[in-house]
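*Asks:* Chains as they are written, first to last, in the working numbering: chain B, 1 to 137; chain U, 1001 to 1229. Every residue, glycine too, gets a C-beta built ideally from N, C-alpha and C.
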């Protein structure tokens, strides 16, 4: 399991994905291989996938600290913590000054698991931005 | 310091800057070496355990054998006494006493093997837990580093492609607009389909001579004739 086999699988799905989503994968080269996955109709919220020794990490960037109303940060944090368990498969995190949703899968996961994860993560990201938009500028 | 604290300190301390490692590569290598050493010890401990357990089983068999033999010889003593052969009975009793001291020795050996096996089993369990704990910690460090490297690759990619990152709200607006457009298209397609089926129904009715008919030349003539009257 590496980002190239994931890319081959998702690109090969075309319109026939189990989830009804159309994935487009673009590898980004760097010190760690990263796969940028865009979903048709949701190009603004790509998902980044990287593979480590024991995990497949799927991350979607939500918003930057600078997009949050300054007074709302503690309340937003509280809402995010409260949402963390109800939100299926994904969790919140912060990378640098960006809030993210992510899902981590075992390296032994099937392609179907990964496809499902990506679809749920994308839905979560869209919904979370909608639900949290009161806190955002 | 726990690995959680180390990672938190490193991130807070600005090690989240691209390229800077949470724990330097050398430390990670040492950690990996430690895990490999522990795994080797574990393999050796497991081998030792198998040896001790085999000896324990052998001792147990010997104990059973001696016990059986003692019972047998006790029977012989009784039989010799029944026959009034005191000398033979005494000789057999001596044999029993030797067997009994053998039994005690074997029993002690067995108990000591059993104790060793128990200790080794505990040790193996403890080492296994330790190895998996070390692996979990290493995985945390490696994942943190991998995420940082991935982030810098993503950031580089964005800045080099000159694509400006939209704000979350703008992104959402756009996605919603696209979804709306898609939904509208679907609806339009549905409407179109139902219109198509309407017209086809009208055609069928006309063919059956039901409903309004096209005005034919004859009907026009009839109408004009009627007016002239």
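Just to confirm my understanding: we take residue 15 of chain B, look at its own chain, exclude 5 residues before and 5 after, and list those with CB closer than 8 Å. What are they?
*Replies:* What you label residue 15 of chain B is simply residue 15 of the first chain in a count that begins at 1. Excluding residues within five positions, the ones whose Cβ falls inside 8 Å are 22.
*Asks:* For residue 1191 of chain U and residue 1179 of chain U, what's the separation of their Cα atoms in angstroms?
*Replies:* As a first step, residue 1191 of chain U must be located in the second chain, where it is residue number 191. As a first step, residue 1179 of chain U must be located in the second chain, where it is residue number 179. Cα-Cα distance, rounded: 18 Å.
*Asks:* Can you pull out the residues from the region 87-101 of chain B whose beta carbon lies closer than 8 Å to at least one beta carbon of chain U?
*Replies:* The region 87-101 of chain B vs chain U, Cβ under 8 Å: 95 and 96.
*Asks:* So, is the C-beta of residue 56 of chain B closer than 7 Å to a C-beta in chain U?
*Replies:* By one-based count along the first chain, residue 56 of chain B stands at place 56. So no, residue 56 of chain B is outside the interface.
*Asks:* What distance in whole Å lies between the Cβ atoms of residue 122 of chain B and residue 6 of chain B, which are believed to be in contact at a cut-off of 8 Å?
*Replies:* Position 6 of the first chain holds residue 6 of chain B. Position 122 of the first chain holds residue 122 of chain B. Incorrect: roughly 15 Å between the Cβ atoms, too far for contact.
*Asks:* Looking at the secondary structure, which residues open and close the alpha helix (DSSP H) in which residue 1191 of chain U lies?
*Replies:* On the second chain, residue 1191 of chain U is found 191 positions in, with the first residue counted as 1. 1168-1207 is the span of the alpha helix (DSSP H), which, as asked, contains residue 1191 of chain U.
*Asks:* Find out if the Cβ-Cβ distance for the pair residue 105 of chain B, residue 51 of chain B is shorter than 7 Å.
*Replies:* Position 105 of the first chain, counted from the first residue, corresponds to residue 105 of chain B. Position 51 of the first chain, counted from the first residue, corresponds to residue 51 of chain B. Cβ distance not < 7 Å, so residue 105 of chain B and residue 51 of chain B don't count as in contact.
*Asks:* Chain U beta carbons: is any one of them nearer than 7 Å to that of residue 30 of chain B?
*Replies:* Sequence index remark: in the first chain, residue 30 of chain B carries index 30 (1-based). It does: the Cβ of residue 30 of chain B has a partner Cβ on chain U nearer than 7 Å.
*Asks:* Under three-state DSSP, which class holds residue 108 of chain B?
*Replies:* Numbered from 1 along the first chain, position 108 holds the residue referred to as residue 108 of chain B. In this structure, residue 108 of chain B counts as coil in the three-state DSSP scheme.
*Asks:* What's the C-alpha gap between residue 1018 of chain U and residue 1148 of chain U?
*Replies:* Locating residue 1018 of chain U in the second chain gives position 18, where the first residue counts as 1. Locating residue 1148 of chain U in the second chain gives position 148, where the first residue counts as 1. In this predicted model, residue 1018 of chain U has a pLDDT of only 45, less than 50, meaning its place in the structure is not dependable enough to derive any value.
*Asks:* If you follow the alpha helix (DSSP H) that residue 1220 of chain U is in, where does it begin and where does it stop?
*Replies:* Reading the second chain from its first residue, position 220 is the one you call residue 1220 of chain U. Start and end: 1217-1228.
*Asks:* Helix, strand or coil: which one does DSSP assign to residue 1162 of chain U?
*Replies:* Counting from one through the second chain, the residue named residue 1162 of chain U turns up at place 162. In this predicted model, residue 1162 of chain U has a pLDDT of only 48, less than 50, meaning its place in the structure is not dependable enough to derive any value.
*Asks:* Assuming residue 124 of chain B contacts residue 72 of chain B under a Cβ cut-off of 8 Å, what Cβ separation, rounded to an integer in Å, is found between them?
*Replies:* As a first step, residue 124 of chain B must be located in the first chain, where it is residue number 124. As a first step, residue 72 of chain B must be located in the first chain, where it is residue number 72. Going by Cβ atoms, the distance from residue 124 of chain B to residue 72 of chain B rounds to 20 Å, so no, they are not a contact pair.
*Asks:* Is there a Cβ from chain U that is less than 7 Å from the Cβ of residue 52 of chain B?
*Replies:* The count along the first chain starts at 1 and reaches residue 52 of chain B at position 52. It does; some Cβ of chain U falls within 7 Å.
*Asks:* Can you find a C-beta in chain U that's less than 7 Å from the C-beta of residue 129 of chain B?
*Replies:* Locating residue 129 of chain B in the first chain gives position 129, counting from the first residue. Yes, contact with chain U.
*Asks:* Return the chain-ordered list of same chain residues with a C-beta closer than 8 Å to the C-beta of residue 97 of chain B, the five sequence neighbours on each side being excluded.
*Replies:* The residue labelled residue 97 of chain B in the question sits at position 97 within the first chain. Cβ within range, chain order: 64, 65 and 66.
*Asks:* Taking the straight line between their C-alpha atoms, what separation do you get for residue 1036 of chain U and residue 1132 of chain U?
*Replies:* For the purposes of this step, residue 1036 of chain U is identified with residue 36 of the second chain, where counting begins at 1. For the purposes of this step, residue 1132 of chain U is identified with residue 132 of the second chain, where counting begins at 1. Taking the straight line from one Cα to the other gives about 11 Å.
*Asks:* What are the residues of the region 68-87 of chain B that lie near chain U, defined by any Cβ-Cβ distance shorter than 8 Å?
*Replies:* If the cut-off is 8 Å between Cβ atoms, the region 68-87 of chain B has nothing near chain U.
*Asks:* Please name the residue, chosen from B:117, B:24 and B:83, that lies closest to residue 131 of chain B on a Cα-to-Cα basis.
*Replies:* Along the first chain, one-based indexing puts residue 131 of chain B at 131. That would be B:83, whose Cα lies nearest to the Cα of residue 131 of chain B.
*Asks:* Tell me where the alpha helix (DSSP H) around residue 8 of chain B begins and ends.
*Replies:* One-based indexing of the first chain puts residue 8 of chain B at position 8. Looking at the DSSP string, the run of the alpha helix (DSSP H) that includes residue 8 of chain B is 3-13.
*Asks:* Using a Cβ cut-off of 7 Å (strictly closer), state whether residue 48 of chain B contacts chain U.
*Replies:* Translated into positions along the first chain, residue 48 of chain B becomes position 48. Cβ-Cβ to chain U under 7 Å: yes for residue 48 of chain B.
*Asks:* Going by DSSP in three states, residue 34 of chain B sits in which element: helix, strand or coil?
*Replies:* Your numbering for residue 34 of chain B matches position 34 in the first chain. The answer is strand: DSSP assigns residue 34 of chain B an E or B state.
*Asks:* Residue 65 of chain B CB to nearest chain U CB: under 7 Å?
*Replies:* Locating residue 65 of chain B in the first chain gives position 65, counting from the first residue. For residue 65 of chain B, the answer is no, since every Cβ of chain U falls outside 7 Å of its Cβ.
*Asks:* Note down, in chain order, every chain U residue with its Cβ under 7 Å from the Cβ of residue 34 of chain B.
*Replies:* Within the first chain, residue 34 of chain B is the residue found at index 34, counting from 1. Per Cβ cutoff of 7 Å: 1150, 1153 and 1154.
*Asks:* Per DSSP, which one or two residues make a beta bridge with residue 27 of chain B?
*Replies:* The count along the first chain starts at 1 and reaches residue 27 of chain B at position 27. Residue 27 of chain B pairs with B:35.
*Asks:* Taking all protein chains shown into account, decide if residue 1008 of chain U is buried (16 or more other Cβ within 10 angstroms of its Cβ) or exposed.
*Replies:* The residue given as residue 1008 of chain U occupies position 8 in the second chain. Residue 1008 of chain U comes out exposed.
*Asks:* In or out: residue 1201 of chain U buried (at least 16 other Cβ within 10 Å) or exposed?
*Replies:* Position 201 of the second chain, counting from 1, holds the residue named residue 1201 of chain U. Residue 1201 of chain U comes out exposed.
*Asks:* Run down chain U in chain order and give the residues with a C-beta less than 8 Å from the C-beta of residue 133 of chain B.
*Replies:* Walking along the first chain from the start, residue 133 of chain B turns up at place 133. Under the 8 Å cutoff, chain U gives 1168, 1169 and 1172.
*Asks:* Residue 1070 of chain U by DSSP, collapsed to three states: which one?
*Replies:* Here the question's residue 1070 of chain U lines up with position 70 in the second chain. Helix at residue 1070 of chain U.
*Asks:* Go to residue 62 of chain B, then tell me how far its beta strand (DSSP E) extends in each direction, as first and last residue.
*Replies:* To locate residue 62 of chain B, count along the first chain from 1; it is residue 62. Residue 62 of chain B -> beta strand (DSSP E) spans 55-64.
*Asks:* Could you check whether residue 44 of chain B and residue 1174 of chain U sit closer than 7 Å to each other, using their CB atoms as the reference points?
*Replies:* Within the second chain, residue 1174 of chain U is the residue found at index 174, counting from 1. Within the first chain, residue 44 of chain B is the residue found at index 44, counting from 1. Yes, the pair counts as a contact, with Cβ atoms nearer than the cut-off.
*Asks:* Is residue 45 of chain B close to chain U? Criterion is C-beta to C-beta, closer than 7 Å.
*Replies:* Numbered from 1 along the first chain, position 45 holds the residue referred to as residue 45 of chain B. Chain U, which has a Cβ nearer than 7 Å to the Cβ of residue 45 of chain B, makes this yes.
*Asks:* If you draw a straight line from the C-alpha of residue 1171 of chain U to the C-alpha of residue 1198 of chain U, how long is it?
*Replies:* For the purposes of this step, residue 1171 of chain U is taken as residue 171 along the second chain, with counting starting at 1. For the purposes of this step, residue 1198 of chain U is taken as residue 198 along the second chain, with counting starting at 1. One C-alpha to the other measures close to 40 Å.
*Asks:* What does the Cβ neighbour count give for residue 1152 of chain U, buried or exposed, with the cut at 16 atoms within 10 Å?
*Replies:* Mapped onto the second chain, residue 1152 of chain U falls at position 152. Per the 10 Å Cβ criterion, buried.
*Asks:* Select from B:33, B:39 and B:18 the residue whose C-alpha is nearest the C-alpha of residue 24 of chain B.
*Replies:* Looking up residue 24 of chain B in the first chain gives position 24. Taking only the C-alpha atoms, the option nearest residue 24 of chain B is B:39.
*Asks:* Is the beta carbon of residue 138 of chain B less than 7 Å from the beta carbon of residue 32 of chain B?
*Replies:* Nothing can be reported for residue 138 of chain B, as the shown portion of chain B is limited to 1 through 137.
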